[in-house]
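With our numbering, you'll find the sequence shown wraps up at 441, consecutive numbering, no jumps. Where is the CB? At the ideal position from N, CA and C, for every residue including glycine. Please read all numbers here as calculations on a predicted model, not as lab measurements. See below for the structure under consideration.
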Amino acid sequence: MSLKKYLILATLCIWTLPALCGVQKPRVTIVATGGTIAGTASSATGTSYDPAQLTVDALMAQAPGISARATITGLQLCNIASQHMTTQIWIRLGSVIDSLFKNDICDGVVVTHGTDTMEETAFFLDLVLGHDNPVVLTGAMRPANALGADGPVNLFNAVCLAAHPAARNRGVMAVMNDYIYAAAEFTKVHTVNPDAFASPDRGPLGVIRGGNPHFFRGPAGRLRTQLTCNTKELQELSDKLRDKAFPRVEIILSYAGATAGLIDALLKNGMDGIVIAGVGHGNYSQEIETGIQRCLEQGVFVVRATRVLAGGVTFDVEKPFDGQIVSGMLSPQKARILLMLALTRFNTTEQLQKIFNR
Ligand code: DGL
Numbered sequence: 084m085s086l087k088k089y090l091i092l093a094t095l096c097i098w099t100l101p102a103l104c105g106v107q108k109p110r111v112t113i114v115a116t117g118g119t120i121a122g123t124a125s126s127a128t129g130t131s132y133d134p135a136q137l138t139v140d141a142l143m144a145q146a147p148g149i150s151a152r153a154t155i156t157g158l159q160l161c162n163i164a165s166q167h168m169t170t171q172i173w174i175r176l177g178s179v180i181d182s183l184f185k186n187d188i189c190d191g192v193v194v195t196h197g198t199d200t201m202e203e204t205a206f207f208l209d210l211v212l213g214h215d216n217p218v219v220l221t222g223a224m225r226p227a228n229a230l231g232a233d234g235p236v237n238l239f240n241a242v243c244l245a246a247h248p249a250a251r252n253r254g255v256m257a258v259m260n261d262y263i264y265a266a267a268e269f270t271k272v273h274t275v276n277p278d279a280f281a282s283p284d285r286g287p288l289g290v291i292r293g294g295n296p297h298f299f300r301g302p303a304g305r306l307r308t309q310l311t312c313n314t315k316e317l318q319e320l321s322d323k324l325r326d327k328a329f330p331r332v333e334i335i336l337s338y339a340g341a342t343a344g345l346i347d348a349l350l351k352n353g354m355d356g357i358v359i360a361g362v363g364h365g366n367y368s369q370e371i372e373t374g375i376q377r378c379l380e381q382g383v384f385v386v387r388a389t390r391v392l393a394g395g396v397t398f399d400v401e402k403p404f405d406g407q408i409v410s411g412m413l414s415p416q417k418a419r420i421l422l423m424l425a426l427t428r429f430n431t432t433e434q435l436q437k438i439f440n441r
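In structure tokens form, the structure reads like this:
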């Protein structure tokens, strides 16, 4: 047999052997929600574009390599720019993913998403989902038809990670620009650059090279398991939202000369919790401090966070202030999500602080 015929036969065996042995490719469902990855621009080199134009089938067609890595199915949950993301969509997304895993429809899920609130959706899902299956969010900083569009490679990387056994039991992750991030740790740090994300405190979980994940540290796993929801509990969250019984939590930014005007307006509006995005190590103006006192007197929970990207707020703050919940390493926007969900189950500062401490 000539070398050429031998090589052809060997190649055929390599590709057909898994099927012959009944070894199936991992099954990955891509749940699309919109964002720039689905955006289109009038010019490949222009800067303006419309996000959330393409559907999941078009996104899959733009990353042909994904079908070699997994058996792919696509699901269009919504098609929005992610600055318009809502808690109701989060609950629907969580319910769909829960159902996909509970009914063994797939082994891993990729969520395509706008980058503006990707970190929030990832953290919400990390809190409510209790499965070890990989859930990986990804997006793009350039629209699909831009010169140098980053969506296809981000989608390919996300599918490869969601299909990989090493991605199990690591909690919800995100993949952008070849980096792997943990849901609780990453944040958007650049408004337009393709390298738009970072984990300021701990760095990325790992990198993806040639479709293979390389982790820098052990399985992150899920830190806060007290808030995972089964299907019934996700439906109860949805009912609470519909009946306007879902906890209301807003964020107040502190800065030089900040007044308590917004805090008092929120108190008038009926608030369940307020997150203070303080300056430095969770500090704030004198006026904000008196506003916080009024919150506590009215039974409104207060989380002390910081607008600073790294370091978080821990107990060794300059001026401990009784009655507040300390945010730890969570950004204000993630502390808000955690407080909202925790308030559906707990109602004392001590219980809530225990959730934040993990
Ligand atoms: N409107 C922004 C969003 O959907 C576009 C940013 C992006 O997706 O990269 O988050």
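Open item on the list: Taking 8 Å as the threshold (C-beta atoms), are residue 195 and residue 222 in contact?
Closed with: Cβ atoms of residue 222 and residue 195: closer than 8 Å.
Task: Beta-carbon proximity of residue 438 to residue 307, cut-off 8 Å - done: Against a cut-off of 8 Å, the Cβ pair of residue 307 and residue 438 comes out as a contact.
TODO: Return the residue from the list 440, 395, 225, 257 that minimises the CA-CA distance to residue 135.
DONE: For the residues 440, 395, 225, 257, the minimum Cα distance to residue 135 belongs to 225.
- [ ] Sort out for me which residues DSSP pairs residue 73 with in a bridge.
- [x] The chain is shown only over 84 to 441; residue 73 falls outside these bounds and no answer can be derived.
Task: Chain-order list of residues whose beta-carbon lies under 8 Å from that of residue 178 (same chain, five-residue window excluded) - done: Excluding its 5 nearest sequence neighbours in each direction, residue 178 has C-beta neighbours in its own chain below 8 Å: 314, 317, 318, 321, listed in chain order.
Open item on the list: Cutting at 6 Å between CB atoms, please list the residues of its own chain near residue 310, excluding the five before and the five after it.
Closed with: By the criterion of a C-beta distance shorter than 6 Å, residue 310 is surrounded in its chain by 210, 424, once the five residues flanking it on both sides are discounted.
Open item on the list: Would you say the beta carbon of residue 423 is closer than 7 Å to some non-hydrogen atom of the ligand DGL?
Closed with: No heavy atom of the ligand DGL is found nearer than 7 Å to the CB of residue 423.
Task: Heavy atom of the ligand DGL within 7 Å of residue 223 beta-carbon - done: In this structure, residue 223 has its CB closer than 7 Å to one or more heavy atoms of the ligand DGL.
TODO: Pull up the distance between the alpha-carbon of residue 274 and that of residue 164, whole angstroms please.
DONE: Taking C-alpha positions only, residue 274 is separated from residue 164 by approximately 14 Å.
Open item on the list: Considering just the uninterrupted stretch of the beta strand (DSSP E) at residue 251, what are its terminal residues?
Closed with: Premise fails: residue 251 is in no beta strand (DSSP E) and is neither H nor E.
Open item on the list: With a threshold of 7 Å (Cβ to nearest heavy atom), would residue 204 be considered close to the ligand DGL?
Closed with: No - the ligand DGL has no heavy atom lying nearer than 7 Å to the Cβ of residue 204.
Task: Three-state secondary structure assigned by DSSP to residue 280 - done: In this structure, residue 280 counts as strand in the three-state DSSP scheme.
- [ ] Could you tell me which of 291, 293, 264 sits nearest to residue 279, measuring between CA atoms?
- [x] The residue with the shortest Cα to Cα distance from residue 279 is 264.
Open item on the list: Checking 8 Å against the spacing of the C-beta atoms, do residue 117 and residue 191 come in under that value?
Closed with: For residue 117 and residue 191, no; Cβs fall outside 8 Å.
Open item on the list: Let me make sure I understand the geometry here. Which of 167, 108, 181 has the alpha-carbon closest to that of residue 151?
Closed with: Of the candidates 167, 108, 181, the one whose C-alpha sits nearest the C-alpha of residue 151 is 108.
Task: Reduced DSSP category for residue 391 - H, G, I as helix; E, B as strand; rest coil - done: DSSP, reduced to helix, strand and coil, places residue 391 outside both helices and strands of the structure shown, so it counts as coil.
- [ ] Could you check which residue in 123, 356, 158, 153 has the C-alpha nearest to that of residue 140?
- [x] That would be 158, whose Cα lies nearest to the Cα of residue 140.
Task: residue 268 - DSSP class collapsed to helix/strand/coil - done: For residue 268, the three-state secondary structure derived from DSSP is coil.
Open item on the list: Once the 5 residues before and after residue 243 are set aside, which same chain residues still bring their CB inside 6 Å of it?
Closed with: Same-chain partners within the cutoff: 152, 294.
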